[in-house]
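If you use the numbering used here, the sequence shown corresponds to residues 14 to 290, in order.
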Amino acid sequence: MAELKQIASQIRRDIVRMVHGASSGHPGGSLGCTDFFTALYFKVMKHDPAFNMNATGEDVFFLSNGHISPVFYSALARSGYFDVKELATFRKLNSRLQGHPATHEHLPGIRIASGSLGQGMSVAIGAALAKKLNGEKNIVYSLHGDGELDEGQIWEAVMFAAHHKVDNLISTVDWNGQQIDGPTDKVMGLGNIRSKFEAFGWATIEMNGNDMDDVIASLQKAKSMTGKDRPVAIMMHTVMGKGVDFMENDHNWHGVAPNDEQLQKALAQLPETLGDY
Ligand SMILES: Cc1ncc(C[n+]2csc(CCOP(=O)(O)OP(=O)(O)O)c2C)c(N)n1
Ligand SMILES: [Mg+2]
Numbered sequence: 014m015a016e017l018k019q020i021a022s023q024i025r026r027d028i029v030r031m032v033h034g035a036s037s038g039h040p041g042g043s044l045g046c047t048d049f050f051t052a053l054y055f056k057v058m059k060h061d062p063a064f065n066m067n068a069t070g071e072d073v074f075f076l077s078n079g080h081i082s083p084v085f086y087s088a089l090a091r092s093g094y095f096d097v098k099e100l101a102t103f104r105k106l107n108s109r110l111q112g113h114p115a116t117h118e119h120l121p122g123i124r125i126a127s128g129s130l131g132q133g134m135s136v137a138i139g140a141a142l143a144k145k146l147n148g149e150k151n152i153v154y155s156l157h158g159d160g161e162l163d164e165g166q167i168w169e170a171v172m173f174a175a176h177h178k179v180d181n182l183i184s185t186v187d188w189n190g191q192q193i194d195g196p197t198d199k200v201m202g203l204g205n206i207r208s209k210f211e212a213f214g215w216a217t218i219e220m221n222g223n224d225m226d227d228v229i230a231s232l233q234k235a236k237s238m239t240g241k242d243r244p245v246a247i248m249m250h251t252v253m254g255k256g257v258d259f260m261e262n263d264h265n266w267h268g269v270a271p272n273d274e275q276l277q278k279a280l281a282q283l284p285e286t287l288g289d290y
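So, in structure tokens, the structure goes:
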């Protein structure tokens, strides 16, 4: 557990350095979801950094809220998909690390383009059904923002997955209560999203996405709930900007880069544990 927390601290450093280096990008959601990515890529998922696009015989993860690419790229690089030095090219011209993940750059670990919100669950369902057809026992994971749930396509996918008993799917919602223009309650109230998923026929659990012990235990629990005729949803409570005090709980850090002074303040709060890229 201590090791996972150290990895998470390094990933948070990578995030603020990447976004600062590009003078653009999305630190808020990335920092909030860091513990989740660390748990998935360094503990929970069965995956191979040698990377095969079809993910045959592996668990597979799809990022639907593609704007939080900094945490995705760092988790992939730190777990061996590509050299961490490449993180320095984030959002630069001709980089494989585009602001929103895309497939034509062939960055190992990226299987779909995302950033146009609402599409990732549909893709994850397709992959989960393909695994069933192929007789594979692996699990498909997806991640969504809470603001992303404003997209109608999400709810079509939620209905479809329940109807077709897609029970090898674990979809997580980053329930940070914030989105690009303000608190989700103000932009478009979502009500109790856990009850909504339940009403649509999913099995659900809730976890503190910024408590590594809870993240690991809850992901293991979610895994034990697969294979029982219902898709599984995790309501993940996180703090936008987690780990950098002046970014926490503030939607203004959804998609803004820190300046030089803010970068230094942020880095002072995040121990360098694995070596900066
Ligand atoms: C289809 C579509 N509509 C609008 C946007 C613009 N947009 C980008 S991020 C965002 C807010 C998403 O909120 P949330 O998923 O909660 O992400 P967070 O701010 O918590 O990181 C919006 C509306 C988009 N990327 N795609
Ligand atoms: Mg949000």
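C-beta atoms are modelled at their ideal positions from N, C-alpha and C, and glycine is treated no differently. Since the model is a prediction, treat every value here as computed from it, not as a measurement.
Item: DSSP three-state assignment for His197, whether helix, strand or coil; Value: Going by the sequence as given, residue 197 is Thr instead of His. Looking at Thr197 - three-state DSSP - the assignment turns out to be helix.
Item: Residues that Phe64 bridges to, as DSSP identifies them; Value: Paired residue(s): none; Phe64 is not in a bridge.
Item: Beta-carbon proximity list for Met14, same chain, < 7 Å, skipping 5 on both sides; Value: Met225, Asp226
Item: Stretch pair the segment 193 to 202 + the segment 143 to 150: three plus CB contacts closer than 8 Å; Value: no
Item: Pick from His176, Ala174, Asn221, Glu164 that is closest to Trp188, judged by C-alpha positions; Value: Asn221
Item: Ligand 2 heavy atom lying under 7 Å from the CB of Asn205; Value: no
Item: Limits of the unbroken alpha helix (DSSP H) element including Val84; Value: 82 to 91
Item: Three-state secondary structure (DSSP) of Ile152; Value: coil
Item: Option nearest Ala115 by Cα separation, candidates Met134, Gly79, Gln132, Ala90; Value: Gly79
Item: Range covered by the alpha helix (DSSP H) that runs through Val29; Value: 15 to 35
Item: beta-carbon Ile81 near ligand 1 non-hydrogen atom, thresh 7 Å; Value: yes
Item: Gly158 Cβ short of 7 Å to ligand 2 heavy atom set; Value: yes
Item: Segments assigned alpha helix (DSSP H), at least 4 residues, entirely inside the segment 198 to 279; Value: 206 to 212, 225 to 237
Item: The segment 127 to 147 contacting the segment 96 to 105, beta-carbon criterion three pairs below 8 Å; Value: no
Item: Secondary structure of Leu53, DSSP reduced to three states; Value: helix
Item: Close Cβ partners of Ala170 (< 7 Å) along its chain, the five nearest in sequence each way excluded; Value: Met134, Ser135, Ile138
Item: Sequence-distant residues of the same chain with beta carbon closer than 7 Å to Gly122, five excluded per side; Value: Phe64, Leu89, Tyr94
Item: Residue environment, Asn107, which counts as buried when at least 16 other CB atoms sit within 10 Å; Value: exposed
Item: Cα-Cα separation between Arg109 and Ala246, rounded to whole angstroms; Value: 31 Å
Item: Proximity test, Asp187 beta-carbon vs ligand 2 heavy atom, cut-off 7 Å; Value: yes
Item: Length of the line joining the Cα atoms of Gln23 and Thr286; Value: 6 Å
Item: Delimiting residues of the beta strand (DSSP E) encompassing Phe1; Value: Since the first residue of the chain shown is 14 and the last is 290, residue 1 is not available in this structure.
Item: CA-to-CA distance, Phe75 to Ala216, given in whole angstroms; Value: 20 Å
Item: Limits of the alpha helix (DSSP H) - the one that Ile167 falls within; Value: 165 to 176
Item: C-beta contact flag for Ile152 and Asp72 at 8 Å; Value: yes
Item: Leu130 beta carbon near ligand 1 (any heavy atom closer than 7 Å); Value: yes
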